[in-house]
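These notes are about the structure you will find just below.
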Amino acid sequence: MLRVISPTGAVATREVPAPIFPEEFAGKSIHILDNTKHNARDLLSDLARRIEDAFGLGPSVIHRKDYAAVGASDEMLDDIASRADLVLVGTAD
Amino acid sequence: MTATYRPGDVVDLEIEAESVDQISWEYARRNWSDGLPVVPPTPNRVAEMLAGVSDPARVIGTMANRLGEATLEVIAANSVMAGCKPEFFPIVVAAVRAVCQEDFNLGSVQSTTHPVAPLVIVSGPIAKSVGMNSGSGCMGAGNLANATIGRALRLTMLNVGGGIAGTDDRATHGHPGKYSYCIAESESENPWAALHVEKGYSDDTSTVTVVPGEAPHNINNHVGTSGLHILSTIAKSICTLGTNNPFSIKKTEMWLILGPEHAATIAADGWSKDDIRIYLYEQARFPLSELKSIGGLWGMHSWPNWFEGFCDADRVPVIASPDRLGIVVAGGEGKHSVGIPSNGGSRSVTVPIDLML
Numbered sequence: 008m009l010r011v012i013s014p015t016g017a018v019a020t021r022e023v024p025a026p027i028f029p030e031e032f033a034g035k036s037i038h039i040l041d042n043t044k045h046n047a048r049d050l051l052s053d054l055a056r057r058i059e060d061a062f063g064l065g066p067s068v069i070h071r072k073d074y075a076a077v078g079a080s081d082e083m084l085d086d087i088a089s090r091a092d093l094v095l096v097g098t099a100d
Numbered sequence: 021m022t023a024t025y026r027p028g029d030v031v032d033l034e035i036e037a038e039s040v041d042q043i044s045w046e047y048a049r050r051n052w053s054d055g056l057p058v059v060p061p062t063p064n065r066v067a068e069m070l071a072g073v074s075d076p077a078r079v080i081g082t083m084a085n086r087l088g089e090a091t092l093e094v095i096a097a098n099s100v101m102a103g104c105k106p107e108f109f110p111i112v113v114a115a116v117r118a119v120c121q122e123d124f125n126l127g128s129v130q131s132t133t134h135p136v137a138p139l140v141i142v143s144g145p146i147a148k149s150v151g152m153n154s155g156s157g158c159m160g161a162g163n164l165a166n167a168t169i170g171r172a173l174r175l176t177m178l179n180v181g182g183g184i185a186g187t188d189d190r191a192t193h194g195h196p197g198k199y200s201y202c203i204a205e206s207e208s209e210n211p212w213a214a215l216h217v218e219k220g221y222s223d224d225t226s227t228v229t230v231v232p233g234e235a236p237h238n239i240n241n242h243v244g245t246s247g248l249h250i251l252s253t254i255a256k257s258i259c260t261l262g263t264n265n266p267f268s269i270k271k272t273e274m275w276l277i278l279g280p281e282h283a284a285t286i287a288a289d290g291w292s293k294d295d296i297r298i299y300l301y302e303q304a305r306f307p308l309s310e311l312k313s314i315g316g317l318w319g320m321h322s323w324p325n326w327f328e329g330f331c332d333a334d335r336v337p338v339i340a341s342p343d344r345l346g347i348v349v350a351g352g353e354g355k356h357s358v359g360i361p362s363n364g365g366s367r368s369v370t371v372p373i374d375l376m377l
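Residue numbers (the numbering used here), protein chains in the order written: chain A, 8 to 100; chain B, 21 to 377.
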């Protein structure tokens, strides 16, 4: 038996209330957070269009980060949080 | 007052203590290592690493992407695993503190497809006192301090930050510096101010600078006898397509590790570090038409407003301003220097090394 100190440590956590998922999508708006990777806008826009068609949503709104390697600004996140009913995001390439 | 050390999160492994090979295999199986053999961080060894530390539970930083809390105890465990001597520990702690600063954007470094690893540059008297290598082969293998300090940071990033290849670390190829990437600045061969003095610290302070760096790109000039000749080679060498520099220029930096012989020739011709920065800012440039046609990232670029005024005949720099060029002297005999582009989403960070943890 070998007793060692764990090299991983604890994880910092905070509680975040889960948003209430809308029961009715008609008239709601989809916002897209484009991470600026090459195909992100095309992929997410096409997905948004299909959701719009399927559930009768209003036209989607696209937000574009400054650059893929940096996070969205607080202002952008606050703006999305104040206006969006549903947000589509993607990561990686 | 020194508190009595009581280990926090202990794990009992079903392994005999003397089974060195099985210990390493078990650490690899648990994704607790970089794949190389580790020194088991037993409570006694961790306590020795923490000698003099007043509060082992103190959190030095929260490490993306796992959001693990890098306490002094956990950093000590990873330092033991890396093979550090206790006198290296303050340097490792400073390096962890540095990569956790917002400017370093650790989340991007840990998860990007880009081949980036933190280059640790130690500047100041501690480098010599702990036996770091700033001379021949300083970026390669063979020096205990360079190897294990860099490795301890990387193990902490793996274990606390969760930057495990193929999971949170999405690097296409990775980077050999993800095992260890650590040098000391040359004190005796540096004709200019030391890096820590440039950053505003006193002569007797020691610092760690972490650079979000690609692997070193060779810059070979064996025949130049003037500073201008060598700097002209450097200008062409650091201006290569395939890097993120000209595209994510709001954040990018370029670092130059000048070999002592190149540095001596350049300095003898009267060039200051700022002269070098201005010259390379002006000369290390891409034709805009080239970036548009074969640059590889056109359309994904993020530029300051004034860059948008460039026309096709204009030349675009590899850094947004001369001060984004870091210059350090290190290495041994020979007519080589190296250029190190950055990852695109992060800035280098310099912090002082606190000997009283």
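Note that CB positions come from ideal geometry on N, CA and C, so glycine has one too.
For T91(B), the closest C-alpha among the options P76(B), C104(B), S226(B) is that of P76(B). Interface residue (Cβ-Cβ distance to chain A less than 7 Å): D29(B) is classified as such. Residue contact check for T91(B) against chain A: a CB pair falls below 7 Å. The straight-line gap separating the alpha-carbon atoms of S357(B) and D92(A) is approximately 54 Å. Secondary structure in the region 189-254 of chain B: the alpha helix (DSSP H) runs of 4 residues or longer, each lying completely within the stretch, are 215-218 in chain order.
Just so you know, the alpha carbons of W212(B) and Q42(B) end up roughly 49 Å apart.
For D123(B), the closest C-alpha among the options H45(A), F32(A), L84(A), G78(A) is that of G78(A). The region 243-263 of chain B makes contact with the region 280-292 of chain B, as at least three CB pairs between them are under 8 Å. In its chain, beyond the 5 residues on either side, K355 have a beta carbon closer than 7 Å to the beta carbon of H242(B). Residues of the same chain with a CB within less than 8 Å of the CB of D54(B), apart from the 5 flanking positions on each side, are R171, R174, L175, L178, K198, Y199 in chain order. Near chain A, meaning a CB-to-CB distance below 8 Å, the residues of the region 46-58 of chain B are W52. Taking a Cβ-Cβ cut-off of 9 Å, the neighbours of S268(B) in chain A comprise Y74, A75, A76, V77, given in sequence order. Close CB contacts of K72(A) within its chain, under the 6 Å cut and outside five residues either way in sequence, are with N42, T43, A79 (chain order).
Runs of the alpha helix (DSSP H) lying entirely within the region 59-96 of chain A and spanning at least 4 residues, in chain order: 81-90. Short of 7 Å from the beta carbon of L50(A), and not among the five residues preceding or following it, lie these beta carbons of its own chain, in chain order: G97. At a cut-off of 7 Å, the C-beta of S292(B) has no neighbouring C-beta in chain A. The Cβ neighbour count for P66(A), taken over all protein chains shown within 10 Å, is under 16; the residue is labelled exposed. In the structure shown, P372(B) adopts extended strand secondary structure according to DSSP, grouped into three states.
Linking G81(B) to E82(A) through their CA atoms gives a straight-line distance of about 25 Å. Apart from sequence neighbours up to five positions away, the residues of its chain that approach A75(A) with a beta-carbon distance below 6 Å are N42, T43, K44, ordered along the chain.
If you draw a straight line from the Cα of V217(B) to the Cα of K312(B), it comes to about 40 Å. Taking a contact as a CB-CB distance under 8 Å, the pair A255(B) and Q303(B) counts as one, their CB atoms being some 4 Å apart. A buried status is given to N85(B), since no fewer than 16 other beta-carbon atoms sit within 10 Å of its beta-carbon. In this structure, DSSP gives E89(B) an extended state, which the three-state scheme calls strand. Chain order gives the chain A residues near T82(B) as A19, where near means a beta carbon separation below 7 Å. By the Cβ rule, the region 134-154 of chain B does not count as touching the region 51-65 of chain A, because fewer than three pairs are nearer than 8 Å. Between L56(B) and E46(B), the beta carbon gap of about 14 Å keeps them out of contact (Cβ cut-off 8 Å). Your pair V230(B) and A67(B) does not check out as a contact, with CB atoms roughly 27 Å apart and the cut at 8 Å. Proximity of chain A to V66(B) at the Cβ level (cut-off 9 Å) is accounted for by V11, I12, in chain order.
In the three-state DSSP reduction, G315(B) falls in the coil class, being neither helix nor strand. Around L251(B), no beta-carbon contact reaches into chain A at under 9 Å, the shortest distance being about 29 Å.
Distances from the alpha-carbon of T225(B) to those of R367(B), V180(B), L215(B) put L215(B) closest. In the DSSP assignment, the residues bridged to V79(B) are T91(B).
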